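Asks: In this text, residue positions in the sequence shown follow this note's numbering: the first is 28, and each later residue adds one.
Heads up, the beta-carbon is just placed ideally off N, CA and C, and yes, glycines get one too.
Note that the coordinates shown come from a computational prediction; the quantities given were computed from them, not determined experimentally.
Structure incoming, see below.
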Amino acid sequence: MPAVWCVVLAYNAVDLTLACIESLRRQDYPHLDILVVDNASSDGTAGILAERFPDVGVLALSENLGYAGGNNLGMRHALQQGADLLFLVNNDTRFESNCVSKLVAEMIVAPHCGVVGPMVYTWDGWSTISSAGGEVDWRHADAINVGAGEVDTGQYGARSVDFINGCAIMVSREAVERAGLIDERFFMYWEETDWCRRIAAAGFDVRFQPAARMQHKAPLAWEGQSALALYYTGRNRMLFFARHAKGTGKAVALARAAKGLVSGTIRNRRTGNQAAARAARAALTDALMARWGKQAPTLT
Numbered sequence: 028m029p030a031v032w033c034v035v036l037a038y039n040a041v042d043l044t045l046a047c048i049e050s051l052r053r054q055d056y057p058h059l060d061i062l063v064v065d066n067a068s069s070d071g072t073a074g075i076l077a078e079r080f081p082d083v084g085v086l087a088l089s090e091n092l093g094y095a096g097g098n099n100l101g102m103r104h105a106l107q108q109g110a111d112l113l114f115l116v117n118n119d120t121r122f123e124s125n126c127v128s129k130l131v132a133e134m135i136v137a138p139h140c141g142v143v144g145p146m147v148y149t150w151d152g153w154s155t156i157s158s159a160g161g162e163v164d165w166r167h168a169d170a171i172n173v174g175a176g177e178v179d180t181g182q183y184g185a186r187s188v189d190f191i192n193g194c195a196i197m198v199s200r201e202a203v204e205r206a207g208l209i210d211e212r213f214f215m216y217w218e219e220t221d222w223c224r225r226i227a228a229a230g231f232d233v234r235f236q237p238a239a240r241m242q243h244k245a246p247l248a249w250e251g252q253s254a255l256a257l258y259y260t261g262r263n264r265m266l267f268f269a270r271h272a273k274g275t276g277k278a279v280a281l282a283r284a285a286k287g288l289v290s291g292t293i294r295n296r297r298t299g300n301q302a303a304a305r306a307a308r309a310a311l312t313d314a315l316m317a318r319w320g321k322q323a324p325t326l327t
């Protein structure tokens, strides 16, 4: 059976991290190791985990490396330890006890599978979908979590998709070796979409398996998101379509993404949300200047 290493990316919210680990420790898959990457939490996460779960590895970072950098560090460690499959999860997640087994089974039976992801539900139950796989909308320069907000009636079966939501994504060693790790220019947001596209381009299938089930404590809509999240989302949208859109579609996608940032700047200024306005303006400026990776835009 393949050796699975679960990399839990944590940033504060130690109670959620503890619950996530408990959920992973209840998995029925026998060859599962858990590694927590603590992205410079300020709530004592690393020490609490070491005391509560002495058998769980913890990489305590002195700097927040974001989704990309933190997961890359964890994956390098897991691969050095002999991992066959990598299961990257956010700390605000919890899983049915057979989730990992179902994902591993899909990896084994689906030809050329390099990535597989579970059915993601909202935190409040097992009926409302948060993500049933992802689709890239090239025409509107967007990435869509399929089924978000819908009640699950079995309408989404196992299938190939454009990307898997980064809150829980299983990747094979072979896919990582051929396509590379996560592009750290993204820091956070859009990075899993880019990664899945690169893995698909390297000849692997990206799969969604609804029999594997989990919950994610995240809002369905972007309303109320922090200015910093809006900045990275807007900037990295430009990076993704600059990299992956083709022909005349690239110009159309970039123009649409840029227009969205200009409109966001104007709209938020009018409504008095100055932080969001600055985020949109900084996102456009940094994208045009190719300033990627971790940035510290002035948003207040």
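1) Quick check on Trp32: does DSSP put it in helix, strand or coil?
2) Going by Cα to Cα distance, which pick from Gly181, Leu115, Met134 and Arg234 is closest to Ala95?
3) Classify Gly144 as helix, strand or coil using the three-state DSSP reduction.
4) Indicate whether Asn98 and Val34 have their beta-carbon atoms separated by less than 8 Å.
5) Could you spell out the range, first to last residue, of the beta strand (DSSP E) harbouring Arg121?
6) Do three or more CB pairs link the stretch 184–193 to the stretch 129–149 at distances below 8 Å?
7) Can you tell which of Ala206, Phe267 and Lys277 has its C-alpha closest to the C-alpha of Asp232?
8) So the candidates are Ala46, Ala306, Tyr258 and Trp165; which of them puts its Cα closest to the Cα of Asn117?
9) Pull the bridge partners of Phe114 from the DSSP assignment, please.
10) Tell me whether the stretch 213–223 and the stretch 258–275 touch, counting them as touching only if at least three CB pairs, one residue from each stretch, are closer than 8 Å.
11) If you draw a straight line from the C-alpha of Asp55 to the C-alpha of Met102, how long is it?
12) So, under 8 Å CB-CB, Gly176 and Leu113 are touching, yes? Tell me the CB distance rounded to an integer number of Å.
13) CB-CB under 8 Å to Leu257, same chain, minus the five flanking residues each way: which ones, in chain order?
14) If contacts are defined as beta-carbon pairs under 8 Å, then Gly274 and His139 qualify, I think. What distance do you get, rounded to the angstrom?
15) What are the partner residues of Ile156, as DSSP defines its beta bridges?
16) Note down, in chain order, each residue of its chain lying with its Cβ closer than 8 Å to the Cβ of Arg200, except the 5 sequence neighbours on either side.
17) Between Val203 and Arg283, what straight-line distance do the alpha-carbon atoms span, to the nearest angstrom?
18) Considering only their Cβ atoms, is the gap separating Asp179 from Ile171 smaller than 8 Å?
19) Going residue by residue through the stretch 233–285, where are the continuous alpha helix (DSSP H) segments of at least 4 residues, counting only ones entirely within it?
20) Among Val41, Val136 and Arg224, which residue has its Cα nearest to the Cα of Met28?
21) Taking the continuous beta strand (DSSP E) assigned at Leu59, which residues delimit it?
22) Just to confirm, is the Cβ distance from Val19 to Ala77 under 8 Å?
23) Within 10 angstroms of its Cβ, does Lys286 collect 16 or more other Cβ (buried), or is it exposed?
24) Would a C-beta distance cut-off of 8 Å place Arg224 and His167 closer than the cut-off?
25) If we call anything under 8 Å between Cβ atoms a contact, is Arg234 one with Glu133?
26) So Gly161 packs on Val188, CB below 8 Å; how close in whole Å?
Replies: According to the structure shown:
1) Residue mapping note: residue 32 aligns to position 5 of the sequence shown, counting from 1. Note: Trp32 maps to strand in three-state DSSP.
2) Within the sequence shown, numbered from 1, the residue matching residue 95 stands at position 68. Comparing Cα positions, the closest option is Leu115.
3) As a first step, residue 144 is located in the sequence shown; it is residue number 117 there, counting from the start. Strand, per DSSP.
4) Taking the sequence shown and counting its residues from 1, the one referred to as residue 98 is at position 71. Taking the sequence shown and counting its residues from 1, the one referred to as residue 34 is at position 7. The answer is yes: Cβ separation under 8 Å.
5) Reading the sequence shown from its first residue, position 94 is the one you call residue 121. Where Arg121 is concerned, the enclosing beta strand (DSSP E) stretches over Thr120 to Phe122.
6) yes
7) Against the sequence shown, residue 232 aligns to sequence position 205. When each option's Cα is compared against that of Asp232, the closest is Ala206.
8) Mapped onto the sequence shown, residue 117 falls at position 90. Nearest option by C-alpha distance: Ala46.
9) Along the sequence shown, one-based indexing puts residue 114 at 87. Its beta-bridge partners are Cys33 and Met197.
10) yes
11) Numbered from its first residue, the sequence shown carries residue 55 at position 28. Numbered from its first residue, the sequence shown carries residue 102 at position 75. When rounded, the distance between both Cα atoms is 22 Å.
12) Indexing the sequence shown from 1 puts residue 176 at position 149. Indexing the sequence shown from 1 puts residue 113 at position 86. Not a contact, Cβ separation roughly 29 Å.
13) Looking up residue 257 in the sequence shown gives position 230. Result list for Leu257: Trp249, Gly291, Ala303, Ala306, Ala307 and Ala310, in chain order.
14) On the sequence shown, residue 274 is found 247 positions in, with the first residue counted as 1. On the sequence shown, residue 139 is found 112 positions in, with the first residue counted as 1. Not really, about 27 Å apart at Cβ, beyond 8 Å.
15) Here residue 156 corresponds to residue number 129 of the sequence shown, with the count starting at 1. Ile156 pairs with Tyr148.
16) On the sequence shown, residue 200 is found 173 positions in, with the first residue counted as 1. Counting only Cβ-Cβ distances below 8 Å, and skipping sequence neighbours, we find Leu106, Ala110, Asp111, Leu112 and Leu113.
17) Position 176 of the sequence shown, counted from the start, is the residue given in the question as residue 203. Position 256 of the sequence shown, counted from the start, is the residue given in the question as residue 283. Going by the C-alpha atoms only, they are around 31 Å apart.
18) In the sequence shown, the residue the question calls residue 171 occupies position 144. In the sequence shown, the residue the question calls residue 179 occupies position 152. No, the pair does not count as a contact, with Cβ atoms beyond the cut-off.
19) 254–271
20) Sequence index remark: in the sequence shown, residue 28 carries index 1 (1-based). When only C-alpha atoms are compared, the closest one is Val136.
21) To locate residue 59, count along the sequence shown from 1; it is residue 32. Leu59 -> beta strand (DSSP E) spans Leu59 to Asp65.
22) Outside the displayed span of the chain (28 to 327) sits residue 19, for which this structure offers no information.
23) Indexing the sequence shown from 1 puts residue 286 at position 259. Counting Cβ neighbours within 10 Å, Lys286 comes out exposed, since fewer than 16 surround it.
24) Numbered from its first residue, the sequence shown carries residue 224 at position 197. Numbered from its first residue, the sequence shown carries residue 167 at position 140. Not in contact: Arg224 and His167 (Cβ atoms no closer than 8 Å).
25) Looking up residue 234 in the sequence shown gives position 207. Looking up residue 133 in the sequence shown gives position 106. Taking 8 Å as the Cβ cut-off, Arg234 and Glu133 qualify as a contacting pair.
26) Within the sequence shown, numbered from 1, the residue matching residue 161 stands at position 134. Within the sequence shown, numbered from 1, the residue matching residue 188 stands at position 161. Correct: roughly 6 Å between the Cβ atoms.
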